[in-house]
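Q: Note that our numbering has the sequence shown beginning at 75, numbered continuously upward. The beta-carbon is built from N, C-alpha and C at its ideal position, and this holds for glycine as well.
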Amino acid sequence: MNIEVAEKRRGVLIGGSGLIGGALMHYFKTKTPDVEVLSPNSKKLSLREPEDIHLYFRRYQPDFIINAAIASIDSDAQLAFEINYLGSLNLARVAIAHKIPYIHFSSAATMPVGENLAEEQLQPLTASMSNYAKSKLMTELTLRHMHETLGLDYTNIRLAVVYGKHDHKIQGFHRLLFSIADQAMPVLLTRRGVKHSYTHSKKIPPFVHHVLNHRAEFSGQTYNFVDREPVELVQLILTIKAYLDLTTPREIFIPYTLARLSRILTKGVLRKMSRVGIEARLPAELMFMENFYESQTLSARKLLRSSYGDPSPQVTVYSRLPALIEYYVTRWEHLNLISNFNGEYYDTKK
Ligand SMILES: NC(=O)c1ccc[n+]([C@@H]2O[C@H](COP(=O)([O-])OP(=O)(O)OC[C@H]3O[C@@H](n4cnc5c(N)ncnc54)[C@H](OP(=O)(O)O)[C@@H]3O)[C@@H](O)[C@H]2O)c1
Numbered sequence: 075m076n077i078e079v080a081e082k083r084r085g086v087l088i089g090g091s092g093l094i095g096g097a098l099m100h101y102f103k104t105k106t107p108d109v110e111v112l113s114p115n116s117k118k119l120s121l122r123e124p125e126d127i128h129l130y131f132r133r134y135q136p137d138f139i140i141n142a143a144i145a146s147i148d149s150d151a152q153l154a155f156e157i158n159y160l161g162s163l164n165l166a167r168v169a170i171a172h173k174i175p176y177i178h179f180s181s182a183a184t185m186p187v188g189e190n191l192a193e194e195q196l197q198p199l200t201a202s203m204s205n206y207a208k209s210k211l212m213t214e215l216t217l218r219h220m221h222e223t224l225g226l227d228y229t230n231i232r233l234a235v236v237y238g239k240h241d242h243k244i245q246g247f248h249r250l251l252f253s254i255a256d257q258a259m260p261v262l263l264t265r266r267g268v269k270h271s272y273t274h275s276k277k278i279p280p281f282v283h284h285v286l287n288h289r290a291e292f293s294g295q296t297y298n299f300v301d302r303e304p305v306e307l308v309q310l311i312l313t314i315k316a317y318l319d320l321t322t323p324r325e326i327f328i329p330y331t332l333a334r335l336s337r338i339l340t341k342g343v344l345r346k347m348s349r350v351g352i353e354a355r356l357p358a359e360l361m362f363m364e365n366f367y368e369s370q371t372l373s374a375r376k377l378l379r380s381s382y383g384d385p386s387p388q389v390t391v392y393s394r395l396p397a398l399i400e401y402y403v404t405r406w407e408h409l410n411l412i413s414n415f416n417g418e419y420y421d422t423k424k
């Protein structure tokens, strides 16, 4: 009797302790007996150390690479360049040398503002962009060049505002949720009608698995990986407020010029406070404050036309809100991060 033993594929995931990387790690650990994923932490394999990358790949000979690593969004130019740009390129070079696929994560920060943006609509590369956006855009452009000139087999998965559990750094959407739950948002820093696209972290891993299994279709391609319908920011904020039964933020819309002025003034006050030993920082997300006032929605058309079918299109940021609120409020209370939460509405200690 002949027993065929299917060979298990082994991949390497960089950034496995992060929000997206954690979701990928969990998926490949529990759902894919045909695929094993190794995830060295940044102490073992730092993207800032090309030698780390070479040693690791020589030792483990993986069949694919997934890069979900990123420097903090408010990093300086050097760190963003070394981790986000050079790190990604060094991984891509290894992928070319070993003739294996490279799955890269990028961001809507590479795109202009506007509605229903298709994959090819990138913003021009300029010096005034944030270090994060610049490094992500430069990486996208160089990966495409490496595909065209060196035969890199890669897929670029562009994410919008990501929501999901286990964001231990409290970034992006979860920072917004935190500010509302902590009642640190007295008024609305947005305009009516401003919409954005959202991505559910849990939907990403099955797509990556599919992309790895269908290289002919997905190689050399970029996909906007977003929920089908964009979401109006003010509606989302007011829904969170209603779920938490809070009185703030009040329905007062602060114009952008005033919001910008307050950000500058607050920065000045915080700088002065640091001189007397009080350390406080504005959330890094405030550097994207312009985006609270401008719509940016990504077209999901190419994704919907691909061979991948979202198994749960009904799951959106709205349908996930109750579970996310329960998870994060419980976590933040345990960590004593929320000081004045409305305990009558929801007491995590009961
Ligand atoms: N979260 C969002 O809303 C969002 C939106 C759009 C796009 N994206 C994209 O999605 C990807 C993942 O983002 P995320 O939100 O999951 O990030 P994250 O939660 O901040 O995680 C970042 C990961 O990168 C690792 N890392 C940092 N420096 C490293 C280095 N020098 N070498 C190796 N690993 C290093 C960290 O590992 P250590 O903890 O060990 O340092 C961590 O695992 C990024 O490409 C990002 O641009 C995210």
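From which residue to which residue does the beta strand (DSSP E) around F63 run?
A: For the chain, the structure presents residues 75 to 424; residue 63 sits outside this window and is missing.
Q: Within 10 Å of its beta-carbon, does Q388 have 16 or more other beta-carbons around it, so buried, or fewer, so exposed?
A: Exposed.
Q: Evaluate R425 with the Cβ neighbour count: other Cβ atoms within 10 Å of its Cβ, from every protein chain shown; 16 or more gives buried, anything less gives exposed.
A: The chain is shown only over 75 to 424; residue 425 falls outside these bounds and no answer can be derived.
Q: Check this for me: beta carbons of E194 and S369, under 9 Å apart or not?
A: Going by C-beta atoms, E194 is not nearer than 9 Å to S369.
Q: Who are the near neighbours of Q135 in its chain, counting only those whose CB is closer than 6 Å to its CB and skipping five residues on each side?
A: Cβ within range, chain order: n/a, list empty.
Q: If you measure from the CB of I88, is any heavy atom of ligand 1 nearer than 8 Å?
A: Result yes, Cβ under 8 Å from ligand 1.
Q: Does the region 288-297 come within contact of the region 247-258, defined as at least 3 CB pairs closer than 8 Å?
A: The region 288-297, when compared against the region 247-258, does not touch it at the 8 Å Cβ threshold.
Q: Using DSSP with H/G/I as helix, E/B as strand and the rest coil, what is L262?
A: Looking at L262 - three-state DSSP - the assignment turns out to be strand.
Q: What first and last residue would you give for the beta strand (DSSP E) that runs through Y237?
A: Run containing Y237: 235-237, per the beta strand (DSSP E) assignment.
Q: Tell me whether the region 308-328 and the region 275-283 touch, counting them as touching only if at least three CB pairs, one residue from each stretch, are closer than 8 Å.
A: The region 308-328 is not in contact with the region 275-283.
Q: What does the Cβ neighbour count give for I412, buried or exposed, with the cut at 16 atoms within 10 Å?
A: Under this definition I412 is a buried residue.
Q: Going by alpha carbons, who is nearest to V285 out of S275, Y297, H274?
A: Ranking S275, Y297, H274 by Cα distance to V285 puts Y297 first.
Q: Looking at C-alpha atoms only, which residue of H274, P107, G95 is the closest neighbour of P385?
A: Here the closest residue by C-alpha is H274.
Q: Does the distance from the CB of I88 to the CB of I139 come in under 9 Å?
A: The answer is yes: Cβ separation under 9 Å.
Q: Less than 8 Å between the CB of A151 and some heavy atom of ligand 1, yes or no?
A: Checking every heavy atom of ligand 1 against the Cβ of A151, none is found closer than 8 Å.
Q: Leaving out the 5 sequence neighbours to the left and right, which residues in its chain are closer than 6 Å to F252 when beta-carbon positions are compared?
A: Within the same chain, F252 has close Cβ partners I244.
Q: With hydrogens ignored, establish whether the beta-carbon of N190 is closer than 8 Å to any heavy atom of ligand 1.
A: Incorrect: N190 has no Cβ contact closer than 8 Å to ligand 1.
Q: For S348, does the count of other Cβ atoms within 10 angstroms reach 16, so buried, or fall short, so exposed?
A: The residue in question, S348, is exposed, as its Cβ has fewer than 16 Cβ neighbours within 10 Å.
Q: Assuming F281 is part of the alpha helix (DSSP H), what are its boundary residues?
A: Note, F281: alpha helix (DSSP H), 278-287.
Q: What first and last residue would you give for the alpha helix (DSSP H) that runs through V300?
A: Segment: none, V300 is in no alpha helix (DSSP H) and carries neither H nor E.
Q: Hey, would you say A192 sits closer than 9 Å to V300, going by beta carbons?
A: No, they are not a contact pair.
Q: Between the Cα of G161 and those of L199, S120, M185, spot the shortest distance and give me the residue it belongs to.
A: It is S120.
Q: Under three-state DSSP, which class holds E325?
A: E325 falls in the coil class under three-state DSSP.
Q: DSSP on I144, reduced to helix/strand/coil?
A: Coil, per DSSP.
Q: Do F366 and ligand 1 come close, with the Cβ less than 8 Å from some heavy atom?
A: Incorrect: F366 has no Cβ contact closer than 8 Å to ligand 1.
Q: Mapping DSSP to helix, strand and coil, what is Y401?
A: It is helical.
Q: Go ahead and pull the three-state DSSP assignment for V389.
A: It is coil, neither helix nor strand.
Q: How long is the line joining the alpha carbons of H270 and R133, rounded to whole angstroms?
A: Distance between the alpha carbons of H270 and R133 is about 43 Å.
Q: Just checking, does the region 196-208 make contact with the region 145-155 on the three C-beta pairs under 8 Å criterion?
A: At 8 Å Cβ cutoff, the stretches touch.
Q: Would DSSP call I157 helix, strand or coil?
A: It is helical.
Q: Using 8 Å as the cut-off, classify the Cβ of T331 as near or not near the heavy atoms of ligand 1, replying yes or no.
A: For ligand 1, not one heavy atom lies less than 8 Å from the Cβ of T331.
Q: Measure how close the beta-carbons of L250 and F327 come, nearest whole angstrom, since I'm counting them as under 8 Å.
A: Not quite, the Cβ-Cβ distance comes to about 16 Å (not below 8 Å), so this is no contact.
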